[in-house]
Each structure stands twice: as structure tokens, then as C-alpha cells.
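Right, one structure below, let's go through it.
In our numbering, the protein residues as written are 1 to 602.
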């Protein structure tokens, strides 16, 4: 049977290799459940221009010879200038609504910057059609009466009733008349966070009844390249009634072209790592919802939309429909508040908590709670690590005591192996008999690592997906806990003016910051406290393990490396105390000195 230190490091190495693979190489390949077929009513009611053979898609734009420049990517500012606009100003948002089309297609998140420099540009979330990466929300009505009614389209020029910009407590109203007795009125309001409410009304002053069905959509063209991490979903997302959570990558949409659902109590849209634009229909609405993909010339197009049941409007009558749009940062507390206040269907799943949500989200809640007390997420991580150490103190003590006893028995085990050098079976039998006699469980020493792995994983996920950790500073040179340590030992931490990463072939490996070095040192100290393997090959592998860990974790989030370093340091202290209590001499300094004296002799 292998020594417990082999189990210890095998488990730890497996965990790091798994996460490293997911972090740097693996891409999302989750299988998606087959979507139900769209109802015939959906196609009949939409009556929109066909952009794919035998497929009718809601709100899809089509390029025409008469309007070629609209679909030729221009600068964002040029695209914004093609329509008159109503400004948006809130404490968190700035942007505008296009009067042409009545779209919400210009939105920046003023509290979030592109870099850690507070003077860097804000994050641009939504952009108009004609810009390099269009991303917008559109709302309207579909003619369900086959009466060739004119309804608002992306080319409709709305008129603002009154003046002023859209702000918290200051809604705006847009009006358009179709010349056939229908007046369309749209009132848009916004709260102090990221929620838009769109109330559409139609008044029929014509001689006949008409039937209209309300719709809402989010379109995205040429989205930025997905990060491609297996642990993070980017693309179409929604909780669609009984179909549950749907996470559909852009690649899957390209392949399937269309996924249709008929849910109630649903929400759907598009998500990035930290941001999202999501439709939040009234929870009582029965929907015909759809994710779709297509092309508009050289542009790849993606859309999330829903169509509600038609409403018949008698002469002199009115109809109304209410829609909601979330467009902003995926802050945990805000999503939870919306989920509760609007009675949504698990809106917190807009954040990709992963399969271990039952660990990951409580981990975030604990760290966030402590952060609110101490004001530093890095310090909060250190405190949580200490709390976990205290919580598992009895279990860890037993495992460290077992490791200490095994370390004290190493001379006897070595003698047994020399006595049965040619008989591996007898070696194992004699070793196990000694363990039984001394009441030692050789597996007990790996229990701290088994406990640490889910904690490591959940903290990794928290640092990776939650926007609260984005650009969160620690101390000194760590300005962003979610990013790798920016220093590098290979240029003497900036003293030598060159970037080792730029070197061909080897550059990708020449990235080791100060915190990864500290982590490697604490890993080496902890390894030296565990019983050494008598097998030279195994001993050589274990001796290199701290070096391997240092290189592997160097590109991980600084917060994760700080956690690992602090956890190692606490483990070394705890294990040293337990070893002394069990009468085992701590030879760390002797081993450290021996490394250099041996090298000098050689």
C-alpha cells in the first residue's frame, strides 16, 4: 500500500491539474436537451420577413440595396449618430434610446471600468445596429389578424412626448401612429440599478377590430470571442419553465440554428462573464420563446426572443403589454433582490455557480459578509480560511497526529523494506501489520486535502465568476484579486526592463509572481513535514511537486494563490505543533541546510 503522503499529493495534484485544464484548455461542451418544436401559431402570428429558408424569425433585420450602409460596421459613435436619441442617466447607467426603432441600444455601466485605472472608459454593454458589435433590446407588436396592418419596426421613427432624459423616477414616453387608426404608445422607466420596464399601449380608433401580439427580443451580432472556459458559460441563457436552466453556447446555436420553447414563468437573454442582458417577462405570461442564430452578410447574428398571446382590440378599445429588461452587472445581491421582488424563476442562476452551487454560493456569501466588515476581499479570504481551519481543527489534528506517528516509524518501515527487498507482497503485509499494531490509519493523513479540495474549487469559482471580486484590491502590488499576480521573478520583479512572457516558445512558462513563489515555499515546507517516501523515484517526484505547483498556480487568480499560501502556512504551524506533541523532531532547518551543503559537496 502506498504511503499516505503519496495519496495526499496525488489528490492535490489531480485537483490542480483538473482545474488547470479547465482554466486554460477546456471549452464548454455541455450537452443540451432537445427543445420542443415551435407551435404553428408562432410562425403564423409572426409574419416577419424570412431570413432563412422555411424559418420565420421575430424582429430579424434584412439588408436591402436601398439601405446598404446600415449593415456596414462603422464606429460606435457613427452608428449612434444615425438616429435621434433620448438620453439615459442613472447612478449606474448612461446611454440612450434610439427614436428610430424605439430600441434600447446604447448602454454603459459607469461604475465599472475596463481596467483598474479609475479614469479608464466605462464598460459598454449595449451598442446599436451598424456598430462593430451590435447588442440591443427591442419591443413591439406583431400583426396577428392578417390585415396587413402597419406595426412599429426597426425603421419606425418614434416621437418623444415631452422632453427630458430617462432617469430614476423620470420615465419617457414614445408615440407613433400608423395611419390606419392605431396609435402606439411606449412608456419606458428605469430603476436605480439595472432594470428597465417597458409598458406598451395600442389604441384603436379605426372601424374594425385588430389582433396584435406583443413581443420582446435581444439581438447580438458578432459577440466578443467567448473565453472558452469549461467552468464558465457565455452565450444564450434562460430558465424556461419546465425546461429548466438552458445554457446554450454560441457554437451550439450556430449548429442548431433555432431552439424553441413554450414556457411560463421564464426569463431569457445573453450572458457574459460579468454582464448580462436578459428579458424578464411577467411571470404569469405564457410564451413562445426562442434562441436562434443566423447571418446578415458577414455578421453572425444571435437572438433571444419571446412572443405572447395575441390581443384583439375592438374599435375604440386599447390593449397593453408590459416587458422588463435587465441590462447590467451580475451583482449577486441585485440578482437575488430582483428574483425575490419580481417572483422570478431562479434568476440568481444568471451567475454560473456551477455544479457545486450548494458550496460555491454560501462560500461567496461568507466572504462577502466578512468583506463588509473589514473592507478588503483579500483579508476576508484570509479570515474565511482561518475559520475553516478552526472548524476542521479536530479532524485535521487526528490526521496530522497519524502523519506524525508514521514519520516516527519511518526507520522501522525502511528496515522492513530492506529485509523484504525482493518480495513486495511481504513488504506491504509487514508495513500494514506495523500500522495495525501502532493503531495508525495511513489514509488519515490525506483527509485535510480531501476537505481542502472542495474549498479550493468553490473559492476558485467565486474568484472567477463573481463581479464583486473583479478588480478587488488586496495590499501592495495586488490591485485585482481575480487576476494573476502581476509581478515576475524572471525580470526580478520589474528591475530588469523586459517582459519574459514575450520570449518565443518558453515565454508562456516564464510567469511566476511573488505570491506564487511564497505559495511554492509553503508547499515545500508542508511537504517536508510529511513522511518521506523510501522509493527514490517517488521521493524525486514529491520533491519536485512544490515546483510544479508553483508554475501551475502562477497564472491563477491572485486571490486563489493567496488563499493557498495562507492555508499552507496555517497547516505548517498546526502540523508542527502536533508533531512536537507526538515527540517527533522537526527537521525542516536541517533539511534546508542539507540541500545546500550537499550541493556544495557535489
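Yeah, the Cβ is synthetic: ideal placement off N, Cα and C, and Gly gets one too.
The model shown is predicted, which means the values in this text are computed figures rather than measured ones.
Legend entry - Distance CB(residue 152)-CB(residue 101) smaller than 9 angstroms: Looking up residue 152 in the chain shown gives position 152. Looking up residue 101 in the chain shown gives position 101. Cβ atoms of residue 152 and residue 101: closer than 9 angstroms.
Inset, instruction - State the CB to CB distance for the pair residue 223 and residue 274, rounded to an integer number of angstroms; the pair is presumed to be in contact (CB under 8 angstroms). - result: One-based indexing of the chain shown puts residue 223 at position 223. One-based indexing of the chain shown puts residue 274 at position 274. Actually they do not touch by this definition, with Cβ atoms about 14 angstroms apart.
Legend entry - Proximal residues to residue 140 (C-beta, below 7 angstroms), its chain only, five neighbours per side dropped: Against the chain shown, residue 140 aligns to sequence position 140. Excluding sequence positions up to five before and after residue 140, its CB lies within less than 7 angstroms of the CB of 151, 152 and 215, all in the same chain and listed in chain order.
Legend entry - the stretch 117-125 in contact with the stretch 78-92 per 3-pair CB rule at 8 angstroms: No, the stretch 117-125 does not touch the stretch 78-92.
Inset, instruction - Would you check if the distance between the CB atom of residue 363 and the CB atom of residue 465 is smaller than 9 angstroms? - result: Here residue 363 corresponds to residue number 363 of the chain shown, with the count starting at 1. Here residue 465 corresponds to residue number 465 of the chain shown, with the count starting at 1. Contact flag unset, no.
Inset, instruction - Name, in chain order, the residues that DSSP records as bridge partners for residue 214. - result: Residue mapping note: residue 214 aligns to position 214 of the chain shown, counting from 1. 141.
Legend entry - Pairwise C-alpha distance: residue 341 and residue 383: Your numbering for residue 383 matches position 383 in the chain shown. Your numbering for residue 341 matches position 341 in the chain shown. One Cα belongs to residue 383, the other to residue 341, and the distance between them is close to 32 angstroms.
Legend entry - Limits of the unbroken alpha helix (DSSP H) element including residue 77: Sequence index remark: in the chain shown, residue 77 carries index 77 (1-based). According to the DSSP assignment, residue 77 belongs to the alpha helix (DSSP H) that extends over 76-80.
Legend entry - Beta-carbon separation (whole angstroms), residue 510 vs residue 500, contact threshold 8 angstroms: The count along the chain shown starts at 1 and reaches residue 510 at position 510. The count along the chain shown starts at 1 and reaches residue 500 at position 500. Your pair residue 510 and residue 500 checks out as a contact, with CB atoms roughly 4 angstroms apart and the cut at 8 angstroms.
Legend entry - One or two residues paired with residue 182 in a DSSP bridge: Taking the chain shown and counting its residues from 1, one reaches residue 182 at position 182. Its beta-bridge partners are 204.
Legend entry - Unbroken beta strand (DSSP E) run spanning residue 106, endpoints: For the purposes of this step, residue 106 is taken as residue 106 along the chain shown, with counting starting at 1. Where residue 106 is concerned, the enclosing beta strand (DSSP E) stretches over 104-113.
Inset, instruction - Could you check the C-alpha separation between residue 189 and residue 174 for me, to the nearest Å? - result: Start at 1 with the first residue of the chain shown, and residue 189 comes out as number 189. Start at 1 with the first residue of the chain shown, and residue 174 comes out as number 174. Roughly 12 angstroms separates the two Cα atoms.
Inset, instruction - Give, in chain order, every unbroken run of the alpha helix (DSSP H) that is at least 4 residues long and sits entirely within the stretch 332-411. - result: Complete alpha helix (DSSP H) runs here, min 4: 332-341, 357-374, 377-391 and 393-408.
Inset, instruction - Go to residue 436, then tell me how far its beta strand (DSSP E) extends in each direction, as first and last residue. - result: Sequence index remark: in the chain shown, residue 436 carries index 436 (1-based). Here residue 436 belongs to no beta strand (DSSP E); instead the alpha helix (DSSP H) covers 424-437.
Legend entry - Among 278, 544 and 196, nearest to residue 234 - alpha-carbon criterion: Locating residue 234 in the chain shown gives position 234, where the first residue counts as 1. Check the Cα spacing between residue 234 and each of 278, 544 and 196: the tightest is with 278.
Legend entry - Unbroken alpha helix (DSSP H) run spanning residue 559, endpoints: Here the question's residue 559 lines up with position 559 in the chain shown. Note, residue 559: alpha helix (DSSP H), 558-581.
Legend entry - Under 9 angstroms between C-beta atoms of residue 183 and residue 319: Sequence index remark: in the chain shown, residue 183 carries index 183 (1-based). Sequence index remark: in the chain shown, residue 319 carries index 319 (1-based). Cβ atoms of residue 183 and residue 319: not closer than 9 angstroms.
Legend entry - Beta-carbon contacts of residue 481 that lie in its chain and below 8 angstroms, excluding the five residues immediately before and after: Residue mapping note: residue 481 aligns to position 481 of the chain shown, counting from 1. For residue 481, the CB contacts under 8 angstroms within the same chain, skipping 5 residues up- and downstream, are 377, 378, 381, 463, 469, 472, 473, 474, 557, 558, 559 and 562 in chain order.
Inset, instruction - Check residue 157 in the structure and name its three-state DSSP category. - result: On the chain shown, residue 157 is found 157 positions in, with the first residue counted as 1. Per DSSP, reduced to three states, the secondary structure at residue 157 is strand.
Inset, instruction - Check residue 194 in the structure and name its three-state DSSP category. - result: Here residue 194 is taken as the residue at index 194 of the chain shown, counted from 1. Three-state result, residue 194: coil.
Legend entry - Chain-order list of residues whose beta-carbon lies under 7 angstroms from that of residue 171 (same chain, five-residue window excluded): Position 171 of the chain shown, counted from the first residue, corresponds to residue 171. 187, 188 and 189.
Legend entry - Among 327, 145 and 132, the one whose alpha carbon lies nearest that of residue 298: The count along the chain shown starts at 1 and reaches residue 298 at position 298. Checked all of 327, 145 and 132; the closest Cα to residue 298 is 132.
Inset, instruction - Answer with buried or exposed for residue 545, where buried requires no fewer than 16 other C-beta atoms within 10 angstroms of its C-beta. - result: Taking the first residue of the chain shown as 1, we reach residue 545 at position 545. Burial call: buried.
Inset, instruction - Name the residue from 204, 167 and 165 whose alpha carbon lies nearest to the alpha carbon of residue 179. - result: Taking the first residue of the chain shown as 1, we reach residue 179 at position 179. Taking only the C-alpha atoms, the option nearest residue 179 is 204.
Inset, instruction - Since I believe residue 191 is in contact with residue 168 (beta carbons under 8 angstroms), could you give me their beta-carbon distance rounded to a whole number of angstroms? - result: Taking the first residue of the chain shown as position 1, residue 168 is located at position 168. Taking the first residue of the chain shown as position 1, residue 191 is located at position 191. Confirmed, Cβ separation roughly 6 angstroms.
Inset, instruction - At 3 residues or longer, and completely inside the stretch 251-282: list those beta strand (DSSP E) runs for me, N to C. - result: List check, beta strand (DSSP E) in window: 258-261, 266-271 and 275-279.
Inset, instruction - Determine which residues share a DSSP beta bridge with residue 122 and list them. - result: Translated into the one-based positions of the chain shown, residue 122 becomes position 122. Residue 122 pairs with 113.
Inset, instruction - Report the rounded CA-to-CA distance for residue 37 versus residue 258, giving the unit in angstroms. - result: Within the chain shown, the letter at position 37 stands for residue 37. Within the chain shown, the letter at position 258 stands for residue 258. For residue 37, the predicted structure reports a pLDDT of 34, less than 50, and the residue's modelled location is therefore unreliable. The matter cannot be settled from this model.
Legend entry - Distance, residue 237 Cα to residue 245 Cα: Here residue 245 corresponds to residue number 245 of the chain shown, with the count starting at 1. Here residue 237 corresponds to residue number 237 of the chain shown, with the count starting at 1. Going by the C-alpha atoms only, they are around 7 angstroms apart.
Legend entry - residue 234 (DSSP reduced to helix, strand or coil): To locate residue 234, count along the chain shown from 1; it is residue 234. It is coil, neither helix nor strand.
Legend entry - Distance, residue 290 Cα to residue 256 Cα: Numbered from its first residue, the chain shown carries residue 256 at position 256. Numbered from its first residue, the chain shown carries residue 290 at position 290. Going from the Cα of residue 256 to the Cα of residue 290 covers about 12 angstroms.
Legend entry - Where residue 460 sits in the DSSP three-state scheme: Residue mapping note: residue 460 aligns to position 460 of the chain shown, counting from 1. Three-state result, residue 460: helix.
Inset, instruction - State yes or no: is the C-beta of residue 527 within less than 9 angstroms of the C-beta of residue 517? - result: As a working mapping, residue 527 is identified with position 527 in the chain shown. As a working mapping, residue 517 is identified with position 517 in the chain shown. 9 angstroms or more divides the Cβ of residue 527 from the Cβ of residue 517.
Inset, instruction - Could you name the residues that DSSP lists as bridge partners for residue 189? - result: As a position in the chain shown, residue 189 is number 189, starting the count at 1. DSSP lists 197 as the bridge partner or partners of residue 189.
Inset, instruction - Please name the residue or residues paired with residue 550 in a DSSP beta bridge. - result: Taking the first residue of the chain shown as 1, we reach residue 550 at position 550. According to DSSP, which records beta bridges pairwise, residue 550 is partnered with nothing at all.
Inset, instruction - Out of 504, 193, 515 and 391, state which residue places its alpha-carbon closest to the alpha-carbon of residue 489. - result: Along the chain shown, one-based indexing puts residue 489 at 489. With respect to the C-alpha of residue 489, the residue from 504, 193, 515 and 391 having the closest C-alpha is 515.
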